[in-house]
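Engineer: Provided herewith is a single structure, encoded as structure tokens, for subsequent inquiry.
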Amino acid sequence: MVEGIAAKRGIKEVTVKTSHRVILATGGFAKNQETRAQCLQQPANPAWSSVPAHDMGDAIRAGMDIEAVAPQYPTPGGVDLGDPRHDGTAKSVRQAPQEVFLHRASALEDLCDNIGVSKNGLAATMQRFNAMAHQGRDEDFDREGSSYDQYLGDTSVQPNPNLGPIKKVPFYGVKVFLGDLGTKGGHLTNENGQVLAAGQRPTPMLYTSGNATASVMGRRYRGAGETLGPTMTFACLAVDLITKSSKV
Ligand SMILES: Cc1cc2nc3c(=O)[nH]c(=O)nc-3n(C[C@H](O)[C@H](O)[C@H](O)COP(=O)(O)OP(=O)(O)OC[C@H]3O[C@@H](n4cnc5c(N)ncnc54)[C@H](O)[C@@H]3O)c2cc1C
6 MVEGIAAKRG IKEVTVKTSH RVILATGGFA KNQETRAQCL QQPANPAWSS VPAHDMGDAI
66 RAGMDIEAVA PQYPTPGGVD LGDPRHDGTA KSVRQAPQEV FLHRASALED LCDNIGVSKN
126 GLAATMQRFN AMAHQGRDED FDREGSSYDQ YLGDTSVQPN PNLGPIKKVP FYGVKVFLGD
186 LGTKGGHLTN ENGQVLAAGQ RPTPMLYTSG NATASVMGRR YRGAGETLGP TMTFACLAVD
246 LITKSSKV
């Protein structure tokens, strides 16, 4: 039975008792190096994640302490991988303001000099990529995509809106870093957001939501909205049940 929470406010320890329910909502564990090392593909560094700094998986651990239930952590394939819109590139600019972020050149050879890569290597890569773009098939990274993936592409590019050939000068080069938007592994819940203990029975008084839960989407991350949508839905169902059953 969960009666409340013990927490620290500054250096002061406080206990908050509840006559209703406790909802754990402290996000995932993306800032916790130990858990990352345990559960995620390596190398895995908290600095590469753009989640709040306190996302250490506290709710997941707290739930485990109470029920000794193993949370459902994602396998490497289940991690929310960042996309190029918000990965570490912005950070690198902040940390090293003197470093050039976007390189521009009117010839491929000049771009290679600027970014320090082999001219023959980049020319060969570009040739291969352009051949795949003309066929509309990406044999290296499977960027040809489903119709859902393609809606983010440029529809004026054919045969595949995700694969535009690189041919128009000037050429641009930008350093890309792998980042993540958080983790999606944690406590199993039922349809009302109640934490499921061993044997799948709901833990009395204990609810959880968001990235502290095992994602309803399982290991996959198909696109934007896949975390906020379920988070809002199941948190709403949880609060609905709590208010009805507690007569708040
Ligand atoms: C750049 C970026 C873009 C995104 N874009 C999308 C998108 O387009 N669509 C989508 O669906 N999702 C998106 N997401 C993911 C989405 O934002 C998260 O899934 C969602 O915010 C998770 O909500 P949460 O409340 O579970 O955790 P969080 O938002 O991480 O919040 C957890 C909070 O708990 C606090 N906390 C942690 N531990 C403690 C503790 N012990 N005591 C007190 N407080 C604590 C943290 O400081 C934090 O404020 C994006 C995420 C990022 C970073």
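If you count the sequence shown from 1, you need to add 5 to reach this note's numbering. Beta carbons: idealized from backbone N, C-alpha and C, even for Gly. Owing to the predicted nature of the structure, the values given are computational and were not obtained by experimental measurement.
For the beta strand (DSSP E) containing F176, name the first residue and the last one.
Structural biologist: Position 171 of the sequence shown, counting from 1, holds the residue named residue 176. Note, F176: beta strand (DSSP E), F176 to V179.
Engineer: Mind listing, in chain order, the continuous beta strand (DSSP E) runs of no fewer than 3 residues lying wholly within the region 159-223?
Structural biologist: List check, beta strand (DSSP E) in window: 176-179, 185-187, 199-201 and 207-213.
Engineer: Rounded to the nearest angstrom, what separates T23 and G223 at their Cα positions?
Structural biologist: Position 18 of the sequence shown, counting from 1, holds the residue named residue 23. Position 218 of the sequence shown, counting from 1, holds the residue named residue 223. Rounded to whole angstroms, T23 to G223 spans 32 Å at the Cα level.
Engineer: Let's test the definition: count the other Cβ atoms within 10 Å of the Cβ of E114 and tell me whether it reaches 16, buried, or not, exposed.
Structural biologist: Position 109 of the sequence shown holds residue 114. When all chains shown are included, E114 counts as exposed.
Engineer: Give a single yes or no on whether M69 has its beta carbon closer than 7 Å to a heavy atom of ligand 1.
Structural biologist: Position 64 of the sequence shown, counting from 1, holds the residue named residue 69. False, no ligand heavy atom lies under 7 Å from that Cβ.
Engineer: Is there at least one non-hydrogen atom of ligand 1 closer than 7 Å to the beta-carbon of N216?
Structural biologist: Within the sequence shown, numbered from 1, the residue matching residue 216 stands at position 211. Yes, Cβ of N216 sits closer than 7 Å to a heavy atom of ligand 1.
Engineer: Could you tell me the alpha carbon to alpha carbon distance between T80 and M210, rounded to whole angstroms?
Structural biologist: Taking the first residue of the sequence shown as position 1, residue 80 is located at position 75. Taking the first residue of the sequence shown as position 1, residue 210 is located at position 205. In this predicted model, T80 has a pLDDT of only 41, less than 50, meaning its place in the structure is not dependable enough to derive any value.
Engineer: Terminal residues of the continuous alpha helix (DSSP H) containing H139?
Structural biologist: As a working note, residue 139 is residue 134 in the sequence shown. First-last of the alpha helix (DSSP H) with H139: K124 to Q140.
Engineer: In the DSSP assignment, the beta strand (DSSP E) including I28 goes from what residue to what residue?
Structural biologist: Residue numbering aside, residue 28 sits at position 23 when the sequence shown is read from its first letter. Residues V27 to L29.
Engineer: Measuring alpha carbon to alpha carbon, tell me which of N195, N216, G178 and Q199 ends up nearest A186.
Structural biologist: By 1-based counting over the sequence shown, the position of residue 186 is 181. The question names Ala, yet the displayed sequence has Leu at residue 186. Taking only the C-alpha atoms, the option nearest L186 is N216.
Engineer: May I ask which residues mark the beginning and end of the alpha helix (DSSP H) holding I120?
Structural biologist: Mapped onto the sequence shown, residue 120 falls at position 115. That run of the alpha helix (DSSP H) goes L113 to I120.
Engineer: At a threshold of 7 Å, does S55 count as lining ligand 1 (C-beta to nearest heavy atom)?
Structural biologist: For this step, residue 55 is matched to residue 50 along the sequence shown. Correct: S55 has its Cβ closer than 7 Å to ligand 1.
Engineer: With hydrogens ignored, establish whether the beta-carbon of H25 is closer than 7 Å to any heavy atom of ligand 1.
Structural biologist: Taking the sequence shown and counting its residues from 1, the one referred to as residue 25 is at position 20. Flag unset: Cβ of H25 not near ligand 1.
Engineer: Cα separation between N135 and P170?
Structural biologist: Here residue 135 is taken as the residue at index 130 of the sequence shown, counted from 1. Here residue 170 is taken as the residue at index 165 of the sequence shown, counted from 1. Roughly 5 Å between the two C-alpha positions.
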